[in-house]
Amino acid sequence: MARQHYDPATIEPKWQAFWDEQRSFRAVGPGDPGFDPSRRKYYILDMFPYPSGSGLHVGHPEGYTATDILARYRRQRGDNVLHPMGWDAFGLPAEQYAIQTGTHPAVTTRKNIETFKRQIRRLGFSYDWDRELDTTDPAYYRWTQWIFTRLFDAGLAYVAEVPVWWCEALGTVLANEEVLDGRSERGDHPCVRRPMKQWMLKITAFAERLLADLEPLDWPESIKAMQRQWIGRSEGAEVDFASPGAPGGRIRVFTTRPDTLFGATYMVLAPEHPAVEALLTKERGAAVRAYRDAAARKNELERTDLAKEKTGVFTGSFAINPGSGERIPVWVADYVVMGYGTGAIMAVPAHDLRDWEFATKFDLPVRDVVAPPPGYVPTAAEAALAREGKEGRSHPFVGEGTARNSGEFDGLSTPEFKQRVTAWLAARGLGEAKVTYRLRDWLFSRQRYWGEPFPILHRPDGSVARVADADLPVTLPPMQDFQPTGRAEPPLAKAKAWVDAPAPSRRETNTMPQWAGSCWYYLRFLDPHNAAAPWDKAKERYWMPVDLYVGGAEHAVLHLLYARFWHKVLFDLGLVSTVEPFAKLYNQGMILSHAYRDARGAMVASDEAEEGGGGHVRKGTGEPLERIVAKMSKSLRNVETPDPVVEQYGADTFRLYEMFLGPLDAAKPWNPGDIPGVQRFLQRVWRLVVPEHADDGALHAHLGDAARPGDADLERALDRAIRKVTEDLDRMAFNTAISAMMVFVNEATKAGQALARGQMERFLEILNPFAPHLAEELWERLGNDPVRRPLARAPWPTWDASLHQDAPVELAVQVNGKVRGRILVAKDASGAAMVAAARQEVRAQLEGKQVVKEIAVPGRLVNFVVKG
Ligand code: ANZ
Numbered sequence: 052m053a054r055q056h057y058d059p060a061t062i063e064p065k066w067q068a069f070w071d072e073q074r075s076f077r078a079v080g081p082g083d084p085g086f087d088p089s090r091r092k093y094y095i096l097d098m099f100p101y102p103s104g105s106g107l108h109v110g111h112p113e114g115y116t117a118t119d120i121l122a123r124y125r126r127q128r129g130d131n132v133l134h135p136m137g138w139d140a141f142g143l144p145a146e147q148y149a150i151q152t153g154t155h156p157a158v159t160t161r162k163n164i165e166t167f168k169r170q171i172r173r174l175g176f177s178y179d180w181d182r183e184l185d186t187t188d189p190a191y192y193r194w195t196q197w198i199f200t201r202l203f204d205a206g207l208a209y210v211a212e213v214p215v216w217w218c219e220a221l222g223t224v225l226a227n228e229e230v231l232d233g234r235s236e237r238g239d240h241p242c243v244r245r246p247m248k249q250w251m252l253k254i255t256a257f258a259e260r261l262l263a264d265l266e267p268l269d270w271p272e273s274i275k276a277m278q279r280q281w282i283g284r285s286e287g288a289e290v291d292f293a294s295p296g297a298p299g300g301r302i303r304v305f306t307t308r309p310d311t312l313f314g315a316t317y318m319v320l321a322p323e324h325p326a327v328e329a330l331l332t333k334e335r336g337a338a339v340r341a342y343r344d345a346a347a348r349k350n351e352l353e354r355t356d357l358a359k360e361k362t363g364v365f366t367g368s369f370a371i372n373p374g375s376g377e378r379i380p381v382w383v384a385d386y387v388v389m390g391y392g393t394g395a396i397m398a399v400p401a402h403d404l405r406d407w408e409f410a411t412k413f414d415l416p417v418r419d420v421v422a423p424p425p426g427y428v429p430t431a432a433e434a435a436l437a438r439e440g441k442e443g444r445s446h447p448f449v450g451e452g453t454a455r456n457s458g459e460f461d462g463l464s465t466p467e468f469k470q471r472v473t474a475w476l477a478a479r480g481l482g483e484a485k486v487t488y489r490l491r492d493w494l495f496s497r498q499r500y501w502g503e504p505f506p507i508l509h510r511p512d513g514s515v516a517r518v519a520d521a522d523l524p525v526t527l528p529p530m531q532d533f534q535p536t537g538r539a540e541p542p543l544a545k546a547k548a549w550v551d552a553p554a555p556s557r558r559e560t561n562t563m564p565q566w567a568g569s570c571w572y573y574l575r576f577l578d579p580h581n582a583a584a585p586w587d588k589a590k591e592r593y594w595m596p597v598d599l600y601v602g603g604a605e606h607a608v609l610h611l612l613y614a615r616f617w618h619k620v621l622f623d624l625g626l627v628s629t630v631e632p633f634a635k636l637y638n639q640g641m642i643l644s645h646a647y648r649d650a651r652g653a654m655v656a657s658d659e660a661e662e663g664g665g666g667h668v669r670k671g672t673g674e675p676l677e678r679i680v681a682k683m684s685k686s687l688r689n690v691e692t693p694d695p696v697v698e699q700y701g702a703d704t705f706r707l708y709e710m711f712l713g714p715l716d717a718a719k720p721w722n723p724g725d726i727p728g729v730q731r732f733l734q735r736v737w738r739l740v741v742p743e744h745a746d747d748g749a750l751h752a753h754l755g756d757a758a759r760p761g762d763a764d765l766e767r768a769l770d771r772a773i774r775k776v777t778e779d780l781d782r783m784a785f786n787t788a789i790s791a792m793m794v795f796v797n798e799a800t801k802a803g804q805a806l807a808r809g810q811m812e813r814f815l816e817i818l819n820p821f822a823p824h825l826a827e828e829l830w831e832r833l834g835n836d837p838v839r840r841p842l843a844r845a846p847w848p849t850w851d852a853s854l855h856q857d858a859p860v861e862l863a864v865q866v867n868g869k870v871r872g873r874i875l876v877a878k879d880a881s882g883a884a885m886v887a888a889a890r891q892e893v894r895a896q897l898e899g900k901q902v903v904k905e906i907a908v909p910g911r912l913v914n915f916v917v918k919g
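Each residue of the sequence shown is one higher than the one before, starting from 52 at the first, in the numbering used here.
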């Protein structure tokens, strides 16, 4: 007799083919045959990947496995699950690769998508592949362009000559969000500021809503904080200072501390401020112009960094402080930037660190106007700037306190003073309350080839118009030479026939940034084959918002802010029904790898090290190395990929191992040494059903009889496992759910013939989301017809509350607030368990209706709010 092994290499392809054939994971929405509105919808989305040339690394399937487990779990719970996958395939790497190798980016992209798809499919994820999309497909970007035309029509897309980040190495401009500390986020190349004509999107018009609407979202607090910080709301006032030489006779400043008005002893304009030219006097002219030219060569960070030595020049002109009535000098200095507030400040050296430093350097007067509260201790930054002898104070004070040296306002607290002085200025026509945001408009054009062309025409008279809907998409022209020109002129300018096709108008030759396609892909998934509209409105109303969005925290600002912005534009146009796209966001933690460090602390790539001398040593030299946990990177050659693991152990083991590494949101190292242990667990599950020596397809004899009752102890163990797995899935605690299943399998193995078939089936129902290939195989071997009774749709098992210590409690089950039944559940039943039991109870009343909300109040009631 043959030995019957657990053999993932035969089981896994078999079930993957079965799911494909059966279209087991097809999501059914309004308008589709078989749509059942009474089922609760669940839209669960992964951040779709950029299909890079190197294929999947083990970090990709971390989130995908988690969402797949939840998608499968929700299907078993009876939800109508939408779980799609696609490709974010425009962008720089494909283009750079194309330039290096001479292969067209369309070809590279197609190949990379194939690789990604093959790798992802091998892991058995339950995506609805009928909805697959690719942002570089003209049938997709037709609608990206269509949305752009809506932004254009709404006045939210405009061309401006703005100082932008130009990256010489990449040959393109970049958005603020793509430049960190003056270097490109991609490739870490130096960037410089220069004025260029660019397409901008008016995201600033949405600043307040982007901020306010964050609050109710179920998102990690850290991500919300980053978005808030990026939007950067500042409350303060704008104040006019009379200055005869300035245009209009006044200079307007923005300040967050109008209460320090009497302490403003000089003013500063940004070098690019339009009033500079009018203010400079004959004697000062040459010095000011020279200074302005030098400032243009620095970037914003270099200019505003507190640690940098302050520089500046006096214009020769003066202004009047509207509070103190004093005549104060007007300077130009590059620590004031043009893009923020009004580009001019009132300088209050006693209460602002930069002003203090500047005043110290140029020997400008300091006037102390805020008394610190009693017991106040200077901050480190304040103390660092200490200098004896000015007005009896030794350091600046930037906190809040009580006004002094401020005329009629003396004695007021900082917040009171702010209000009073703002009203006082407003009454005299000298200023007003003002809210300012750090957020800048979104620089939306790139001088690259591999992106969406703008649906824009330049007319002979110099005006711009958008391409008519009927003429979309504007497809990328096939080109051989798409090298960036290195000048402001984009590569598309070289496609002369394409540019001139709409003669006498000419096409816009910039392309959209990579973020464009990902701003709305979650909407296209709802209706991916619609050729008449980007999506059907009824489908959008049904599926949106995304119930759970899982991806890396690196998208805290860029993608998530841009997508929220577009969504709000679409909402205002009546094209979507929710104000926010993603109700719940979850960030998976980073999977780390290993690297080595030599005695001098230098990093050593993983393939240069080997085991030796009781530790690790450098190959060849034997020099001792320290093994450390490090991020996966090409340069350290420590990128772990799923393929070898799946090859050797199978997809189910891979999935389980990924989830067993630790909590989903934690950073954790990849330790392949632990993989065999995980596989042993699955082998034990196999053995519970399949005897070691038997004919092909044979079962343990004691599982043959479906009517045979199970052992009571085992029943309790199973109940505990079901309960724990259910509760853990509801809080996305996958690793502890796996532990609970391991505990049960140990018990079941020990119990031997006491395991009943019904018990094994219930166990397979909870194992299924985690290890679906193995679960399906055993489910079938137990005699279930996978077509007529598919495990993928088998109801999620409930546990018997009476087997637990606590006496069960009675809950009222309501439909739209009216009591329709009563159920018994365990005293500490989870919300999900209460709802599952309640649903059974009022099945009949829910039939044909759409449940829009479920309210579970422990110990009291479950209420279904239904429509229809
Ligand atoms: C007077 C003052 C007194 C200020 C004081 C601060 C403290 P946030 O909070 O980031 O909004 N400022 C305004 N426009 C600027 C510009 N274009 N470039 C550089 N600095 C600028 O910062 C607002 C404060 O930053 C403003 O309030 C202004 O200095 C400065 F005790 O005005 B303050």
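Glycine included, every Cβ here is placed at the ideal spot set by N, Cα and C. Please read all numbers here as calculations on a predicted model, not as lab measurements.
- Item | Residues that DSSP places opposite Ala395 in a beta bridge | Taking the sequence shown and counting its residues from 1, the one referred to as residue 395 is at position 344. According to DSSP, Ala395 bridges with Leu320.
- Task: Keeping to the same chain, check which residues put their C-beta closer than 7 Å to that of Ala799; ignore five residues upstream and five downstream.
- Result: As a first step, residue 799 is located in the sequence shown; it is residue number 748 there, counting from the start. Once the five neighbours on either side are set aside, the close Cβ partners of Ala799 are Leu739, Leu765 and Leu806.
- Task: Taking all protein chains shown into account, decide if Leu897 is buried (16 or more other Cβ within 10 angstroms of its Cβ) or exposed.
- Result: Against the sequence shown, residue 897 aligns to sequence position 846. With 16 or more other Cβ atoms within 10 Å, it is buried.
- Message: With three or more beta-carbon pairs closer than 8 Å as the criterion, would you say the region 152–160 touches the region 198–210?
- Response: no
- Message: Nearer than 7 Å: is that true of the beta carbon of Asp520 relative to any heavy atom of the ligand ANZ?
- Response: Position 469 of the sequence shown, counted from the start, is the residue given in the question as residue 520. No; taking the cut-off as 7 Å, the Cβ of Asp520 has no heavy atom of the ligand ANZ nearer than that.
- Item | Residue(s) in a DSSP beta bridge with Ser644 | Within the sequence shown, the letter at position 593 stands for residue 644. BP columns for Ser644 point to Ala681.
- Message: I need the DSSP call for Thr159, collapsed to helix, strand or coil.
- Response: Your numbering for residue 159 matches position 108 in the sequence shown. Of the three classes helix, strand and coil, the one that applies to Thr159 here is helix, per DSSP.
- Message: If distances are taken between C-alpha atoms only, which option among Ala220, Ile773 and Asp779 comes closest to Ile817?
- Response: As a first step, residue 817 is located in the sequence shown; it is residue number 766 there, counting from the start. That would be Ile773, whose Cα lies nearest to the Cα of Ile817.
- Please name the residue, chosen from Ala650, Val290 and Ala435, that lies closest to Gly673 on a Cα-to-Cα basis. Here residue 673 corresponds to residue number 622 of the sequence shown, with the count starting at 1. Nearest of Ala650, Val290 and Ala435 to Gly673, Cα basis: Ala650.
- Task: Just the C-alpha distance for Val655 and Tyr647, rounded to the nearest angstrom, thanks.
- Result: As a working note, residue 655 is residue 604 in the sequence shown. As a working note, residue 647 is residue 596 in the sequence shown. So the alpha carbons of these two residues sit roughly 5 Å apart.
- Task: Assign Val472 to one of two classes, buried (16 or more other C-beta atoms within 10 Å of its C-beta) or exposed (fewer than that).
- Result: Locating residue 472 in the sequence shown gives position 421, where the first residue counts as 1. With 16 or more Cβ atoms within 10 Å of its Cβ, Val472 is classed as buried.
- Query: Out of Lys878, Val917, Val893 and Gly899, which has the shortest C-alpha to C-alpha gap to Val908?
  - Reply: Stepping through the sequence shown from its first residue, residue 908 is reached at position 857. Residue Lys878 is the option with its Cα nearest to Val908.
- Task: Determine the extent of the beta strand (DSSP E) in which Trp216 is found, giving its start and end residues.
- Result: To locate residue 216, count along the sequence shown from 1; it is residue 165. Segment Ala208 to Cys218, the beta strand (DSSP E) holding Trp216.
- Query: Expressed to the nearest angstrom, what Euclidean distance is found between the alpha-carbon atoms of Gln565 and Glu743?
  - Reply: As a working mapping, residue 565 is identified with position 514 in the sequence shown. As a working mapping, residue 743 is identified with position 692 in the sequence shown. Roughly 54 Å separates the two Cα atoms.
- Would Glu259 be called buried (16 or more neighbouring beta carbons within 10 Å of its own) or exposed? Locating residue 259 in the sequence shown gives position 208, where the first residue counts as 1. Exposed, because fewer than 16 other Cβ atoms sit within 10 Å of the Cβ of Glu259.
- Query: CB Leu174 to CB Ala884, shorter than 8 Å?
  - Reply: The residue labelled residue 174 in the question sits at position 123 within the sequence shown. The residue labelled residue 884 in the question sits at position 833 within the sequence shown. No, they are not a contact pair.
- Task: Along the alpha helix (DSSP H) that carries Asn797, what are the first and last residues, could you check?
- Result: The count along the sequence shown starts at 1 and reaches residue 797 at position 746. Taken as a continuous stretch (DSSP letters only), the alpha helix (DSSP H) holding Asn797 covers Phe785 to Ala802.
- Item | Backbone CA spacing between Lys547 and Trp501 [nearest angstrom] | Residue mapping note: residue 547 aligns to position 496 of the sequence shown, counting from 1. Residue mapping note: residue 501 aligns to position 450 of the sequence shown, counting from 1. One C-alpha to the other measures close to 17 Å.
- Message: Among Ile164, Thr430 and Gln865, whose alpha-carbon lies nearest the alpha-carbon of Ser103?
- Response: As a position in the sequence shown, residue 103 is number 52, starting the count at 1. The option with the nearest alpha carbon to Ser103 is Ile164.
- Query: To the nearest whole angstrom, what separates the beta carbons of Phe409 and Lys361, a pair I think is in contact under 8 Å?
  - Reply: Looking up residue 409 in the sequence shown gives position 358. Looking up residue 361 in the sequence shown gives position 310. Rounded, the Cβ-Cβ distance is 4 Å, consistent with contact.
- Task: On a CA-only basis, which of Glu146, Arg517, Met783 and Ala276 is nearest Arg497? Give me that one, please.
- Result: Start at 1 with the first residue of the sequence shown, and residue 497 comes out as number 446. Nearest of Glu146, Arg517, Met783 and Ala276 to Arg497, Cα basis: Glu146.
- Coil, strand or helix - Glu259 by DSSP: If you number the sequence shown from 1, residue 259 lands on position 208. Helix, per DSSP.
- Nearest neighbour of Ser89, chosen from Asp130, Asp385 and Trp66 [CA to CA]: Here the question's residue 89 lines up with position 38 in the sequence shown. Nearest C-alpha to Ser89: Asp130.
- Task: With a threshold of 16 other CB atoms inside 10 Å of the CB of Gly336, please say whether the residue is buried or exposed.
- Result: Residue mapping note: residue 336 aligns to position 285 of the sequence shown, counting from 1. Exposed is the call here.
- Query: Relative to the ligand ANZ, is the shortest distance from any of its heavy atoms to the C-beta of Tyr317 smaller than 7 Å?
  - Reply: Here residue 317 refers to the residue found at position 266 of the sequence shown. Incorrect: Tyr317 has no Cβ contact closer than 7 Å to the ligand ANZ.
- Query: Candidates Gln470, Asp179, Phe99 and Thr777: which alpha carbon is nearest Trp70's?
  - Reply: Residue mapping note: residue 70 aligns to position 19 of the sequence shown, counting from 1. It is Asp179.
- Is the CB-CB distance between Ala205 and Gln249 below 8 Å? Residue mapping note: residue 205 aligns to position 154 of the sequence shown, counting from 1. Residue mapping note: residue 249 aligns to position 198 of the sequence shown, counting from 1. Not in contact: Ala205 and Gln249 (Cβ atoms no closer than 8 Å).
- Evaluate Leu862 with the Cβ neighbour count: other Cβ atoms within 10 Å of its Cβ, from every protein chain shown; 16 or more gives buried, anything less gives exposed. Against the sequence shown, residue 862 aligns to sequence position 811. The residue in question, Leu862, is buried, as its Cβ has 16 or more Cβ neighbours within 10 Å.
- Message: Taking DSSP's pairing of strands, which residues face Trp493 in a bridge?
- Response: Within the sequence shown, numbered from 1, the residue matching residue 493 stands at position 442. Beta-bridge pairing links Trp493 to Leu252.
- Limits of the unbroken beta strand (DSSP E) element including Ser105: Stepping through the sequence shown from its first residue, residue 105 is reached at position 54. Ser105 -> no beta strand (DSSP E), and no H or E assigned at all.
- Task: In the DSSP assignment, find the beta strand (DSSP E) that holds Trp180 and state where it starts and stops.
- Result: By one-based count along the sequence shown, residue 180 stands at place 129. Segment: none, Trp180 is in no beta strand (DSSP E) and carries neither H nor E.
- In terms of residue numbering, what span does the beta strand (DSSP E) encompassing His509 cover? If you number the sequence shown from 1, residue 509 lands on position 458. Unbroken beta strand (DSSP E) run through His509: Ile507 to His509.
- Item | Check: Ile396 C-beta below 7 Å from any heavy atom of the ligand ANZ | As a working mapping, residue 396 is identified with position 345 in the sequence shown. Yes, Cβ of Ile396 sits closer than 7 Å to a heavy atom of the ligand ANZ.
- Distance, Ile642 Cα to Lys670 Cα: If you number the sequence shown from 1, residue 670 lands on position 619. If you number the sequence shown from 1, residue 642 lands on position 591. If you take the alpha carbons of Lys670 and Ile642, they lie about 26 Å apart.
- Item | Sequence-distant residues of its chain with Cβ nearer than 6 Å to Pro214 (five each side left out) | For this step, residue 214 is matched to residue 163 along the sequence shown. Closer than 6 Å at the Cβ level, and outside the excluded window around Pro214, lie Arg244 and Pro246.
- Query: Can you list, in chain order, the residues of its chain whose CB lies under 6 Å from that of Arg405, leaving out five sequence neighbours each side?
  - Reply: Mapped onto the sequence shown, residue 405 falls at position 354. Result list for Arg405: Tyr386, in chain order.
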